[in-house]
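Protein chains in written order, with my numbering: chain A, 156 to 310; chain B, 29 to 224.
The C-beta atom is built at its ideal place from N, Cα and C for all residues, glycine as well.
What follows is one structure encoded as structure tokens, with my remarks underneath.
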């Protein structure tokens, strides 16, 4: 009787966990092809459809590899072959629809359609502290004020 | 000899970096945004890419801007655009007063939501319930959550996994039409569904 009761409780809490997205999730992979991985610390995860993404993840593609993904503020990314891209920072408040997104393109290419986060503006001239969306490349920092663009880094 | 190899390296670096660039494109619905570019060293000011269909260099000193011209995007760039996920799509369902019963004219919207979720790979569904101002705000929090749960449950009966869905209730906090308290308003009794 006792064990049946606790078993039931366990199922209920598991269902509750599964009905909401993973804590800290910032986006998900929508599709991928070829050699495509997510580097999380020392872990290497396949960049498979539905894979949840966390701040600090690196997206890596090999020759011919591609990854398509979306973020919680509706930002959309298409990552091209031979790319290495860091999701350095993603902080977003879905209620105020404000936040800060910093990505880094170490090499390769990326197409971006910006989301709600780029509507975050402030008066400070220091873009990196202003929220919104910045993309770093080895020699520059891009402040993306919308809306559709492509960044290519050849090394 | 040492000097020559440094010169060759410098040439190779310059040639490689000349390909790093950002291209600003028109939005999918017309208009276009703007891109600010600062060199990583941060010494010089910001260069602003203002015109759609133009390219700015991202290496080798101050960015230089050029229109894309008749040749347009490079083939690898065009291929990249083709793999962007589709934009998120929003739907609104309306409800009878004080219930989780969907209004007759919203029944068709359910099927549109089902079709939209079905055609996307790795779909995510965000469901947000709302109420009008009839009743207490605590009761409306519960009702708005039940309305959201109703839609999530319906989608699971269509074979979609709960892990792709999230549901919240906002009670009477986010009225579509501003009203006084205790006002029945069909536009406010709604569930907003975002399919991404």
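Who are the neighbours of residue 300/A on chain B, taking C-beta pairs under 8 Å? 61, 62, 63 and 64
Identify the residues that DSSP records as bridge partners of residue 253/A: which are they? 248/A
Note down, in chain order, each residue of its chain lying with its Cβ closer than 8 Å to the Cβ of residue 115/B, except the 5 sequence neighbours on either side. 56
Applying a beta-carbon distance threshold of less than 9 Å, which residues of chain A neighbour residue 172/B? Correct list: empty, because the minimum Cβ distance to chain A is about 14 Å.
Tell me, please, whether the CB atom of residue 200/B is closer than 7 Å to any CB atom in chain A? no
If you draw a straight line from the C-alpha of residue 80/B to the C-alpha of residue 235/A, how long is it? 21 Å
Does DSSP put residue 136/B in a helix, a strand or coil? helix
Check residue 234/A in the structure and name its three-state DSSP category. strand
My output table needs one value for residue 300/A: the three-state DSSP class, helix, strand or coil. coil
Is the Cβ-Cβ distance between residue 241/A and residue 266/A less than 7 Å? no
Counting only Cβ pairs nearer than 7 Å, list the residues of chain A close to residue 224/B. 225 and 229
Among 299/A, 210/A and 204/A, which residue has its Cα nearest to the Cα of residue 191/A? 204/A
Mapping the DSSP letters down to three states, classify residue 191/B as helix, strand or coil. helix
Residue 306/A and residue 76/B: beta carbons closer than 7 Å? no
Buried or exposed for residue 160/B, please, with buried defined as at least 16 other CB atoms from any protein chain shown within 10 angstroms of its CB. buried
In chain order, what residues of the same chain lie with their CB nearer than 7 Å to the CB of residue 177/B, ignoring the 5 residues before and after it? 195
Please go through the same chain and pick out, in chain order, the residues whose beta-carbon is closer than 8 Å to the beta-carbon of residue 283/A, but skip the five residues on each side of it. Because the pLDDT of residue 283/A is 47, which lies under 50, any placement of that residue in the model is unreliable, and the question is left without a value.
Applying the criterion that 16 or more other CB atoms from any shown protein chain within 10 Å of the CB defines a buried residue, is residue 247/A buried or exposed? buried
Establish whether the CB of residue 118/B and some CB of chain A are separated by less than 7 Å. no
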